[in-house]
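Undergrad: Last residue of the sequence shown: 136 in our numbering, with the numbers rising by one and none dropped.
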Amino acid sequence: MCFFDGGNLVVLGNCFVKKTQKTPKKEIKLAEKIKKEYLKDKNKYE
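#1: By Cβ distance, which residues of its chain are closer than 8 Å to K125, with the 5 residues on each side in sequence left out?
#2: For the alpha helix (DSSP H) that contains Y135, what are its first and last residues?
#3: Apart from the five residues just before and just after L120, which ones in its own chain have a Cβ nearer than 7 Å to its Cβ?
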């Protein structure tokens, strides 16, 4: 899963093999955690 940082940067957080139409909740939670950590670490160095 990925997200945009600003308007020019795409951040790839995690990947998984999707076997159904629905995204597993644990993958969504993991993506949210990765995004939160990324933004926290980014702000630490700015």
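Cβ atoms here follow ideal geometry from the backbone N, Cα and C, with glycine treated the same way.
TA: On the basis of the supplied data:
#1: If you number the sequence shown from 1, residue 125 lands on position 35. The answer, listed in chain order, is F93, V101, G103.
#2: Translated into positions along the sequence shown, residue 135 becomes position 45. Per DSSP, Y135 belongs to no alpha helix (DSSP H) and is neither H nor E.
#3: Position 30 of the sequence shown holds residue 120. Correct list, in chain order: N104.
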